[in-house]
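Encoded as structure tokens, the structure appears first; notes follow it.
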Amino acid sequence: MQRHRFPRLTPLLVALAVLAACGGPDDEQEVRRHVGFDASAAALVNGDPIYLSDVELEAVAQGRIEPGESFGPEHTEYQLVLDQLIDQRLLAQEAVRRGLDRTPAAQRRLETARERLLGNFLMEDLVATQVNEAAIDRMYEEQVRLQQLDDEVRIRHILLETQEEAREVLEKARAGEDFTALAFEYSEDTRTRLDGGSFGWVSPNEMIEPFPAVIADTPAGEISEPFQSEQGWHILKVEQRRTRPPKTREEMRPEIVTYLTFTQISQILQDLRASADIQQREGGLVARGLAEEAGEAAAAERPDDAVEGDGKGETMPPEEEMEDQMETPE
93 MQRHRFPRLT PLLVALAVLA ACGGPDDEQE VRRHVGFDAS AAALVNGDPI
143 YLSDVELEAV AQGRIEPGES FGPEHTEYQL VLDQLIDQRL LAQEAVRRGL
193 DRTPAAQRRL ETARERLLGN FLMEDLVATQ VNEAAIDRMY EEQVRLQQLD
243 DEVRIRHILL ETQEEAREVL EKARAGEDFT ALAFEYSEDT RTRLDGGSFG
293 WVSPNEMIEP FPAVIADTPA GEISEPFQSE QGWHILKVEQ RRTRPPKTRE
343 EMRPEIVTYL TFTQISQILQ DLRASADIQQ REGGLVARGL AEEAGEAAAA
393 ERPDDAVEGD GKGETMPPEE EMEDQMETPE
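Pasting the structure below:
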């Protein structure tokens, strides 16, 4: 049996940075209820509040604190994070004043940000309802049980071409000749021969077949019967066995939470894809043609009261033109 291989993933439940409002007051109230809304404001920017909970979420998103950890004015990095949110709010307010939030490109990006935010709320809800302490306990107990079936052993082996050669060397070993010396003299395994056939301490279930079964059937201090693998014929000596102490529940908890979260999200995505009507354009997108179409639409729909770029009669170029000018050279 194999232990679960916990995925090494970037944490799926990091908080999102504050974005422009995508709904009315009722929507905002519902969103803040999910993220642990703190009614006290950390700052007011032209009358718009930045809440302490916003600062804490941003600190989590930047990796400055762990989820659930307190982050208040007493923290050494609190003012830095708050200043970043103030600057972000000022830029957002200025963008709205210029009418940039009403362009087609802005609307598409705001919708993308809204979808990402809602997706993260779904992940948080899955963790809150499915990745609970009972599930963590069950997974931990299973991991401990599986580890007990996967104790480490220290072994030596001798690799030979034929079964007859393996049987001859086995007879020498059982007659009292030193196994290490026999491996040095006869083994064709160039990786272990000079070390007397030693594999060192290994986990049987991580070895190729049929090593796990042979190791399980061979007591410590004994030599196996000849057995065949894709490499040739072997005889194997189990020198010692040891049981590794399992990690504590708290040591394993972060890995278990990540694994359970990953499996929950994978399952719901599999179910959603199976029931969804998904159509993809074949042959890829014609990027420049679509960009030109989007640019024309943006120019046609650009609000009349948009503020000019530098106050000297020049207007900011459409966003798509700016992106074309900033293309990365191939």
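Each residue of the sequence shown is one higher than the one before, starting from 93 at the first, in the working numbering. Ideal placement from N, C-alpha and C gives every residue a C-beta, glycine not left out.
Contacting residues, own chain, Cβ-Cβ under 6 Å from residue i (five flanking each side not counted)
{"i": "E280", "result": "L251"}
{"i": "I157", "result": "A151 and F163"}
{"i": "T335", "result": "D243"}
{"i": "R189", "result": "none"}
{"i": "T272", "result": "G288"}
{"i": "M231", "result": "I348"}
DSSP state of residue i mapped onto helix, strand, coil
{"i": "G401", "result": "At G401, the pLDDT of 41 sits below 50, so the modelled position is not reliable and the matter cannot be decided from this model."}
{"i": "D140", "result": "strand"}
{"i": "V223", "result": "coil"}
{"i": "G115", "result": "Here G115 scores only 35 on pLDDT, less than 50, and its place in the model is too uncertain to base an answer on."}
{"i": "S295", "result": "coil"}
{"i": "A49", "result": "One cannot answer for residue 49 here, as it falls past the ends of the chain, which runs 93 to 422."}
{"i": "F354", "result": "helix"}
{"i": "F431", "result": "The first residue shown for the chain is 93 and the last is 422, placing residue 431 beyond what the model contains."}
{"i": "F213", "result": "helix"}
{"i": "R156", "result": "coil"}
{"i": "Q372", "result": "coil"}
{"i": "K264", "result": "helix"}
{"i": "Q362", "result": "helix"}
{"i": "E331", "result": "strand"}
{"i": "F426", "result": "Given a span of 93 to 422 for the chain in the structure shown, any question on residue 426 remains unanswerable."}
{"i": "E203", "result": "helix"}
{"i": "E148", "result": "helix"}
{"i": "E317", "result": "coil"}
{"i": "E120", "result": "With a pLDDT of 42 at E120, under the threshold of 50, the modelled position of this residue cannot be trusted, and the question is left open."}
{"i": "R341", "result": "helix"}
{"i": "R248", "result": "strand"}
{"i": "S290", "result": "strand"}
Burial state of residue i (16 or more Cβ within 10 Å)
{"i": "D270", "result": "exposed"}
{"i": "L149", "result": "buried"}
{"i": "P346", "result": "exposed"}
{"i": "G292", "result": "exposed"}
{"i": "R248", "result": "buried"}
{"i": "L136", "result": "exposed"}
{"i": "A368", "result": "exposed"}
{"i": "P165", "result": "exposed"}
{"i": "A134", "result": "buried"}
{"i": "Q362", "result": "exposed"}
{"i": "L364", "result": "exposed"}
{"i": "Q371", "result": "exposed"}
{"i": "P296", "result": "buried"}
{"i": "G268", "result": "exposed"}
{"i": "L274", "result": "buried"}
{"i": "L183", "result": "exposed"}
is_contact[residue i, chain C] using C-beta, thresh 8 Å
{"i": "R237", "result": "Checking the listed chains, one finds no chain C in this structure; it contains a single protein chain."}
Identity of the residue in the options nearest residue i by Cα
{"i": "R266", "options": "L172, L183, P318 and Q359", "result": "P318"}
{"i": "E253", "options": "Q323, P165 and E216", "result": "Q323"}
{"i": "E298", "options": "S290, L274, V137 and V245", "result": "V245"}
{"i": "S162", "options": "L177, L144 and L174", "result": "L144"}
{"i": "V294", "options": "Q154, F303 and D287", "result": "F303"}
{"i": "Q176", "options": "S316, D146 and F276", "result": "D146"}
{"i": "Q222", "options": "I370, R373, R365 and Q356", "result": "Q356"}
{"i": "S321", "options": "I300, R341 and A366", "result": "I300"}
{"i": "T340", "options": "D229, A153, L174 and F354", "result": "D229"}
{"i": "N138", "options": "Q180, A153, Q154 and A198", "result": "Q180"}
{"i": "L218", "options": "S358, R373, G288 and L192", "result": "S358"}
{"i": "G160", "options": "L262, E216 and R365", "result": "E216"}
{"i": "L174", "options": "L192, Q154, A187 and G191", "result": "Q154"}
{"i": "E234", "options": "P338, T195 and A366", "result": "P338"}
Neighbourhood of residue i by C-beta, 8 Å cutoff - its chain only, sequence neighbours within 5 removed
{"i": "W325", "result": "L251, L252, E253, T254, Q255, E257, A258, P318 and F319"}
{"i": "S132", "result": "Y143 and L144"}
{"i": "L286", "result": "F276"}
{"i": "A227", "result": "L352"}
{"i": "D140", "result": "R181 and Q185"}
{"i": "N178", "result": "Before going further, note that residue 178 is Ile rather than Asn in the sequence given. Hits under 8 Å: A135, V137 and I142."}
{"i": "L262", "result": "I315, E317, P318 and I327"}
{"i": "N224", "result": "none"}
Contact test: residue i Cβ vs the ligand SAM heavy atom, cutoff 7 Å
{"i": "T335", "result": "The ligand SAM is not part of this structure, which contains no ligands at all."}
Contact set for residue i: own chain, Cβ-Cβ below 7 Å, skip 5 residues either direction
{"i": "V306", "result": "S316, F319 and L328"}
{"i": "T282", "result": "none"}
{"i": "L382", "result": "Legend: pLDDT at L382 = 47, less than 50; position of this residue unreliable, no value from coordinates given."}
Item to check | Three-pair Cβ contact test at 8 Å for the stretch 326-335 versus the stretch 305-312 | outcome: With a cut-off of 8 Å, the stretch 305-312 and the stretch 326-335 count as touching, because enough Cβ pairs lie within range.
Next on the checklist: Does the contact criterion of 3 or more C-beta pairs under 8 Å hold for the stretch 334-352 versus the stretch 254-265?
Outcome noted: The answer is no - the stretch 254-265 does not touch the stretch 334-352, with fewer than three Cβ pairs under 8 Å.
Checklist entry - Below 8 Å, can you find three or more Cβ-Cβ pairs linking the stretch 199-210 to the stretch 170-179? => result no
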